[in-house]
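Peer 1:
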Amino acid sequence: MVSFAPAALREANAAAYLDLSVSKFRDLVSNGALPKPVRLADGVERWKSDELLAILNGTSARPCEEFEL
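Numbering (my numbering), first residue to last: 1 to 69.
1) Taking all protein chains shown into account, do 16 or more other C-beta atoms lie within 10 angstroms of the C-beta of K6, making it buried, or fewer, making it exposed?
2) Using a Cβ-Cβ cutoff of less than 6 Å, which residues in the same chain neighbour E45 once the five nearest sequence positions on both sides are dropped?
3) Please classify L56: is it buried, with 16 or more other beta-carbons within 10 angstroms of its beta-carbon, or exposed?
4) Along the chain, where does the beta strand (DSSP E) containing L40 start, and where does it finish?
What follows is the structure in structure tokens.
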């Protein structure tokens, strides 16, 4: 059986991926520390898991450089 990680995450899953509460995740997105979601369709927004991982690994600049996690 093939196993793969999702390329895009719902808000609650993106927060869980980073071990954050949904409210803290929302705060970090609003403050520019984390990327905004990608709009896939009306009412469907997802966060790219590779962007979140890159920020954690330090291989990608945060959307707002002056913000500290």
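Glycine included, every Cβ here is placed at the ideal spot set by N, Cα and C.
Peer 2: If we stick to the structure as given:
1) Counting from 1 along the sequence shown, the entry for residue 6 is found at position 6. The residue you asked about is not Lys; residue 6 is Pro in the sequence shown. Exposed.
2) Within the sequence shown, the letter at position 45 stands for residue 45. Around E45: P37, R39.
3) As a position in the sequence shown, residue 56 is number 56, starting the count at 1. Result: exposed.
4) Counted from its first residue, the sequence shown places residue 40 at position 40. 38 to 41 is the span of the beta strand (DSSP E), which, as asked, contains L40.
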